[in-house]
Amino acid sequence: MSSFRSGSSLDALGGFGRYALTQVFRAIVILWGAFTVTFFLLQMMPGDAVMIRFMDPELGLSPEQIEAMRVLYSGSSNPLVQYVHTIGQMLQGNFGYSVQLGVPVATLIAAALPVTLRLAAVGFLLSLLWTLAIAVGASLLPLRWLRQALHALPGFWSAIPLYWSGILIIQLLSFRLHLLPVVGVGPWEGVILPAIAVSLPIAAPQAKLLLQQIEETEQLPFVMAIRTKGASRASVFFRHILPNSIIPSLTMAGLVFGELIAGAIVTETVFGLNGLGHLTREAVSGQDVAVLQAIVMIGATGFVVANLTVDLLIPLINPTLRSAPAGRKETSGS
Amino acid sequence: MKRLSFFSPETLLSIGILAVFMLAIVWPSALTSSDPVTGVAKDHLLAPDRTHWLGTDQLGRDVLARIIYGARETLPAAFIATLTGVVLGALIGGFAAMSGGIVDASLSGLIDVLLSIPELLLALSVVILTGFGPVHAALAVGISQTASFARIVRNLVRSLRAMPYVEAAHLSGTGFGGMIWRHILPNAFRPVLGLAVLRYSMAILSLATLGFLGYGAPPPTPEWGLMISEGRDYLATAWWMTTFPGLALLIVALAANHLSHTITRPGGTQP
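Quick mapping for you: the protein sequence lines, in order, are chains A and B.
For the first sequence, position 260 (counting from the first letter as 1) is numbered 260 according to our numbering, and the numbering increases by one without interruption.
For the second sequence, position 149 (counting from the first letter as 1) is numbered 149 according to our numbering, and the numbering increases by one without interruption.
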């Protein structure tokens, strides 16, 4: 910390090193904040989950036993003591116990995570594919009305409810065309249909931003200069316009990750997958605070890590930003 | 082209669509004579035809009637949600921007933290806290939208405050309240309204998501998300049960989206 103040060792790292350290520090502070906010939000629960479960008269527990259970699950009834205790346990990889099922939260998460990660990874790759396909199509397709239709597509997609598109996909591909079965398939095949459903709303904002950026880049003088030299439409697009337009879409990574998590929760319900989304639903229905908090922290961590990665990559990709990394673009709102 | 944008055919169509849904909210029986809650058992799972334009569900209830009465569930709730988000967001963001210094820094930090939590997870955290039900779901969606409103209001007010004419007003002795009332509010109104309408369309989708997951209104209610969820068991036989409520959601969301763009676009209202 002292070197942080004097800056001597940081100066040796150069401008980028200092920038990177600041971003990492910022990410850690945000994660700590997210933990604190959700902890106190969820601790305010009116019906203490432990009480709900163990005060069931059929169990016939005495008040002393209930208090003992409460101490076992959450350490203490004083929120501040619990807060410090929970944060210490979390740093050691212990996420507490599920009140509903009586198993460690870490075990539940470890069992559910692979499905959701597969879904998210395939969904993300597909969304990149859609985004590029829309951008290429909207710029290079021969027919004007087709290009305009592709331009309007992202705005249309973003208004489609996710679970609904999932259901339509099942109806179309499984029941009408019999292309892919919905049940009884391997771990990767089973993820294809839900990944298509997840990828559409993720691709929409990315494609919208990329199209906007392409439009701006097309107006730049250097593009005009290359065109007048006789380069073909496609070569100008792939070699000059696309590479110069793609960076702003990268800054949406954090937002995209949030969509992926939300998408997983809903899509797993539609397709009957047992991932984090399924766990989330069970946690909310059973008022299982420890499980929900762990899932919220996974969501926040993914968001923060995605943003951090982009913040660290952008100065490396675009040298003009290296000297003065003024901070990332705002991705919230529209 | 730009000049006519406010009364372009698309905008008129969007206003028309929203007007029809408004009518469905205030006077649903003007649009349908069928009962949305009790059905005719022998008419269950009928495909769309001349008497039941959008078919019937597993209890013989008219799908069109349920969609019409469903507008009353989702659309006002989404309004409450967005209103909650706008009011809380404007208070927090406006307070941060007008205070500056450490208050601004700490509130901005809090906003950053809230933005790092995916909105659906934040909404579910509120739902787990307050319990299930339509009002709780609306509050949850509103609270999950607050941070993004607060961020945008804060940035907007800060940039307005730095405008020369606002500084001039401040230097010529206009009080704090006067500054907000005469200079900040009128200029912040339109961008915030545009954002609010956009957020309204997102609130409709979020509320239907909570309804679909079963955290909104309980079963006999004709809520669109719940209707889609109920129709899931009849996918192979009755496609109309899931398709049409989803189309209703899509149409309202698109209309609100388009209106938001018209409001936000520079020169939208100037003829």
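Yeah, the Cβ is synthetic: ideal placement off N, Cα and C, and Gly gets one too.
Whole angstroms are fine: how far does the CA of Pro154 (chain A) sit from the CA of Leu200 (chain A)?
So the alpha carbons of these two residues sit roughly 9 angstroms apart.
Output needed for Ala188 (chain B): all residues of its chain with C-beta closer than 6 angstroms, excluding positions within five of it in sequence on either side, in chain order.
Leu156
Using a Cβ-Cβ distance cut-off of 7 angstroms, determine whether Ala27 (chain A) contacts chain B.
no
Assuming contact is defined by CB atoms lying nearer than 7 angstroms, are Gly85 (chain B) and Gly133 (chain B) in contact in what I supplied?
no
Give the DSSP-derived three-state secondary structure of Asp62 (chain B) in the structure shown.
strand
Measure the C-alpha to C-alpha separation of Pro46 (chain A) and Thr130 (chain B) and round it to an integer number of angstroms.
Its pLDDT being 48, under 50, Pro46 (chain A) is placed unreliably by the model, and nothing is read from it.
Could you give the C-beta distance for Ala81 (chain B) and Ala203 (chain B), rounded to a whole number, given that I count them as a contact under 8 angstroms?
4 angstroms
Distance, Cα to Cα, Val24 (chain A) vs Gln100 (chain A)?
36 angstroms
Does Gln100 (chain A) come within less than 7 angstroms of chain B when only Cβ atoms are used?
No - not a single Cβ of chain B is within 7 angstroms of the one on Gln100 (chain A).
Which residue marks the beginning of the alpha helix (DSSP H) containing Val305 (chain A), and which one marks its end?
Looking at the DSSP string, the run of the alpha helix (DSSP H) that includes Val305 (chain A) is Val289 to Ile317.
Closer than 7 angstroms, Cβ to any Cβ of chain A: which residues of the region 217-238 of chain B, in chain order?
Taking 7 angstroms as the Cβ-Cβ cut-off against chain A, the residues of the region 217-238 of chain B that qualify are Ile228, Arg232, Leu235 and Ala236.
Here's the rule I'm using: 16 or more other beta-carbon atoms within 10 Å means buried, otherwise exposed. How should Ser33 (chain B) be labelled?
exposed
Going by alpha carbons, who is nearest to Ala294 (chain A) out of A:Leu113, A:Val256 and A:Phe95?
A:Phe95
Please name the residue in A:Leu313, A:Val289, A:Val310 and A:Val305 whose C-alpha comes closest to that of Leu124 (chain B).
A:Val289
Is Asn187 (chain B) close to chain A? Criterion is C-beta to C-beta, closer than 7 angstroms.
no
The region 104-121 of chain B: which residues have C-beta closer than 8 angstroms to a C-beta of chain A, in chain order?
Within the region 104-121 of chain B, the residues whose Cβ lies closer than 8 angstroms to some Cβ of chain A are Gly109, Leu110, Asp112, Val113, Leu114, Leu115, Ser116, Ile117, Pro118, Glu119, Leu120 and Leu121, listed in chain order.
Quick one: Cα of Leu273 (chain A) to Cα of Ser127 (chain A), how far?
20 angstroms
Counting C-beta neighbours from all protein chains within 10 Å, is the total for Tyr165 (chain B) 16 or more, i.e. buried, or is it exposed?
exposed
Classify Thr22 (chain A) as helix, strand or coil using the three-state DSSP reduction.
Assigned with DSSP and collapsed to three states, Thr22 (chain A) falls in helix.
Considering only residues of the same chain and omitting the five flanking positions on each side of Trp157 (chain A), which have a CB-CB separation below 6 angstroms?
For Trp157 (chain A), same chain residues with a beta-carbon under 6 angstroms away, outside a window of 5 residues either side, are Leu200 and Ala204 in chain order.
When Cβ atoms are compared, which residues of the region 145-172 of chain A fall closer than 9 angstroms to chain B?
Answer in chain order: Gly155, Phe156, Ser158, Ala159, Ile160, Pro161, Leu162, Tyr163, Trp164, Ser165, Ile167, Leu168, Ile170 and Gln171.
Output, in chain order, the set of chain B residues within a Cβ distance shorter than 7 angstroms of Arg281 (chain A).
The CB of Arg281 (chain A) comes closer than 7 angstroms to the CB of Leu213 in chain B, given here in chain order.
If you draw a straight line from the C-alpha of Ile167 (chain A) to the C-alpha of Gly225 (chain B), how long is it?
12 angstroms
So Gly246 (chain B) contacts chain A; which residues on that side make the cut at Cβ distance below 7 angstroms?
Pro161 and Trp164
Tell me, please, whether the region 259-279 of chain A touches the region 79-92 of chain A by the rule of three or more beta-carbon pairs shorter than 8 angstroms.
no
Leu292 (chain A) touches chain B at which residues, Cβ-Cβ below 9 angstroms?
Leu121, Leu124, Ser125 and Ile128
Taking the DSSP output, what are the residues bridged to Tyr97 (chain A)?
Bridge partners of Tyr97 (chain A): A:Pro104.
Output the boundary residues of the alpha helix (DSSP H) element that contains Phe189 (chain B).
Leu185 to Leu213
Would Ala138 (chain A) and Leu120 (chain B) be called neighbours here (beta carbons separated by less than 7 angstroms)?
Cβ distance not < 7 angstroms, so Ala138 (chain A) and Leu120 (chain B) don't count as in contact.
Could you name each continuous alpha helix (DSSP H) segment of 4 residues or more that falls completely within the region 7-37 of chain B, going from the start of the chain to the end?
9-26
Does any residue of chain A bring its CB to less than 7 angstroms from the CB of Ala168 (chain B)?
no
Taking the Cβ atom as the reference point for each residue, do Arg118 (chain A) and Val191 (chain A) lie within a distance shorter than 7 angstroms?
yes
Roughly how many whole angstroms lie between the Cα atoms of Thr36 (chain A) and Ile109 (chain A)?
20 angstroms
Quick one: which unbroken alpha helix (DSSP H) runs of 4-plus residues sit fully inside the region 107-187 of chain B? Chain order, please.
119-130, 134-161, 164-171 and 176-179
Taking 6 angstroms as the cut-off, is the CB of Ala283 (chain A) close to at least one heavy atom of the ligand FMN?
As far as ligands go, the structure on display features none, and thus does not contain the ligand FMN.
What is the DSSP secondary structure of Thr275 (chain B), reduced to helix, strand or coil?
Residue 275 (chain B) is absent from the structure shown; chain B starts at 1 and stops at 271.
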